[in-house]
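Read through the structure below, which is laid out as structure tokens, and then see the notes.
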Amino acid sequence: MKPIDHIPTSKIKRASQLAKTGVKVGSNYLKYYGEKLVNPELDKSKLNQANAEDIYNSLKHLKGSALKAAQMLSMEKNIMPSEFIEKFSLAQFSVPPLSAPLVNKTFRTYFHKPPEAVFDRFNPEAVGAASIGQVHEAWSGDKKLAVKIQYPGVAESISSDLAMVKPVALRLFNLSAADVEHHFKEVEHKLLEETDYTLELQQGQDMIAACEHLPGIHFPRYYPEFSSSRILTMDWMEGQHLSEYVKSQPTQAQRNQVGQTLWDFYMYQWHGLRKLHADPHPGNFLVNGDHGLIVLDFGCMKAIPESFYQPSVELLQTANLHDPHLLEQQLARLEIFKPTDQPEDIAYMLKVSQEMVAVLTQPFRAAHFDFGEPTYFQQINQLSEKYSKDPQLRKLSGGRGSQHFLYFNRTFFGLYLLLHDLQAQIEVEQDIPRFLARFAP
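For the sequence shown, my numbering assigns the number 503 to the last residue and increments by one with no breaks.
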């Protein structure tokens with residue numbers, strides 16, 4: 063893939079790039095409707111493919127939060143057309159890398175010397191490029207390292223990118239700015255954290271110290287002496303990305319082994335650490351030759367305050383789910399209701415929430431759960447379809463829920479999808495103290 067020598071960083075240049083893409087998308091629609099007149103049976107697959115291609119080609123040169131949004135959307139398999147999923151998923155692994163001169167410039171800015179003077183050997187060609195940074199091979203003595211280099215201007219463009227996206231999102235989902243301001247602030251805060259590699263290094267070291275005793279889990283070691291706020295160096299880890307591992311046709315027992323490790327890792331974080339690795343896409347996990355799970359990228363970590371943790375856990379209990387009074391109490395603590403709600407609004411939100419929670423928490427309320435069972439994901443799809451078209455819910459839903467729901471939901475939907483891709487069958491320990499005792503250091 064041809065390297066790029068320049069990334070637009072100013073608000074005007076980035077807005078101009080998006081505007082050009084908007085013109086191309088408009089042309090695609092005109093062409094589609096013209097063909098539709100001739101062929102009324104024409105579906106939207108060709109239109110979706112053209113739009114996905116044009117939008118992705120624009121975003122991959124903008125990098126940063128714009129491309130990160132595409133990466134996040136590629137995980138939303140229930141709401142995005144397949145053509146967009148296929149194209150946007152490339153943001154996890156395959157985007158144009160920075161040219162060697164830009165890589166050298168970054169090193170000279172932070173180390174005052176080129177990469178060849180920092181390491182004994184350095185591969186100037188990136189071996190992987192994603193939304194915020196790209197990875198190079200390097201060696202210190204005989205030790206092989208992975209060096210992640212952040213794209214220039216990414217951190218500085220986050221706020222302006224979100225400012226451009228915000229009015230579009232408000233119109234698309236019929237939301238008021240005041241209702242969702244806390245959600246936009248949460249997204250901006252987490253994206254800014256992801257661009258701070260000094261913070262990521264610390265978060266990675268903290269997670270390794272807390273979780274390295276868990277069976278089947280492996281982590282890279284980080285190297286502060288070779289790192290800065292925009293350059294992060296760690297061990298080179300050998301393994302297949304999770305999506306590649308699935309394509310290699312492992313046995314059911316091997317799928318279950320990897321899936322169980324993944325499930326236990328997230329349950330231990332949630333219940334034991336009150337924090338979550340909140341970027342669970344296939345590019346952040348490798349599987350080694352022993353079917354062990356290698357965890358990468360600790361830039362997006364979500365702390366779970368006790369005020370959110372307790373009611374979210376209590377929602378998993380069947381007794382609370384089927385008792386309207388108890389359910390209302392937990393939903394109120396999770397900020398689902400508003401002071402302006404009328405009794406009929408609360409009754410409707412209770413009904414919707416009960417149905418959603420009953421479906422989405424099924425894996426937590428079973429001794430064994432098969433994420434390869436298609437009927438479960440059909441239930442989720444049907445629920446999503448049902449309520450996405452519900453005018454009463456659209457009217458009531460704007461801005462509801464704690465700000466912590468955003469990355470909490472993203473984490474668990476991502477986990478579900480990874481386990482579904484693995485077709486994993488897992489054992490679920492519902493007694494949390496017993497689970498934590500089993501995995502105590």
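All residues carry an ideal CB built from backbone N, CA and C; glycine is no exception.
Asked	Found
Hey, would you say Val-249 sits closer than 7 Å to Gln-302, going by beta carbons?	no
Nearest-angstrom Cα distance between Tyr-213 and Tyr-438?	40 Å
For Tyr-328 and Arg-462, what's the separation of their Cα atoms in angstroms?	26 Å
Just the Cα atoms here: how many angstroms apart are Asp-371 and Arg-336?	The amino acid occupying residue 371 in the given sequence is Tyr; Asp does not appear at that position. Roughly 8 Å between the two C-alpha positions.
Between His-280 and Leu-355, how many whole angstroms is the CB-CB distance? I'm expecting something under 8 Å.	7 Å
Between Gln-316 and His-353, is the Cβ-Cβ spacing less than 7 Å?	yes
In whole angstroms, what is the alpha-carbon distance linking Pro-282 and Tyr-449?	42 Å
Taking the straight line between their C-alpha atoms, what separation do you get for Trp-325 and Ile-488?	8 Å
Can you give the Cα-Cα distance for Gln-314 and His-275, rounded to whole angstroms?	25 Å
Report the rounded CA-to-CA distance for Pro-159 versus Asp-182, giving the unit in angstroms.	22 Å
Would you mind listing the alpha helix (DSSP H) stretches within the stretch 445–498 that are 4+ residues and don't spill past its ends, in chain order?	453–459 and 467–484
When the Cα atoms are used, what is the spatial distance from Glu-218 to Leu-254?	9 Å
By the three-class DSSP mapping on this structure, what secondary structure does Leu-152 have?	Reliability of the predicted coordinates at Leu-152 is poor, the pLDDT of 48 falling under 50, and the value obtained from them is presented with this limitation in mind. Here Leu-152 sits in helix by DSSP.
Excluding the 5 residues preceding and the 5 following Asp-432 in the sequence, name in chain order all residues of the same chain whose CB lies nearer than 6 Å to its CB.	Gln-487
Can you tell me whether Thr-323 is buried or exposed, with buried defined as 16 or more other CB within 10 angstroms of its CB?	buried
Which same chain residues, not among the five before or five after Ile-141, have their C-beta less than 6 Å away from its C-beta?	Because Ile-141 sits at a pLDDT of 46, beneath the cut-off of 50, its placement in the model cannot be relied upon, and the point is left open.
Skipping 5 residues on each side, what residues in its chain have a beta carbon closer than 6 Å to that of His-198?	Asn-185, Ala-188 and Val-209
Helix, strand or coil: how does DSSP classify Glu-138 here?	Low local confidence applies: a pLDDT of 47 at Glu-138 is under 50, so the model's placement there is unreliable, with the coordinate-based value given in what follows. Note: Glu-138 maps to coil in three-state DSSP.
Could you pull out every residue in the same chain whose Cβ sits closer than 8 Å to the Cβ of Tyr-469, ignoring the five residues on either side in sequence?	Glu-248, Lys-252, Leu-338, Ala-340, Cys-362 and Lys-364
Tell me, to the nearest whole angstrom, how far the beta carbon of Leu-378 is from that of Gln-416; I am working on the premise that it is less than 8 Å.	About 13 Å separates the two Cβ atoms, so there is no contact after all.
Do the CB positions of Ile-211 and Ile-293 come within less than 7 Å of each other?	yes
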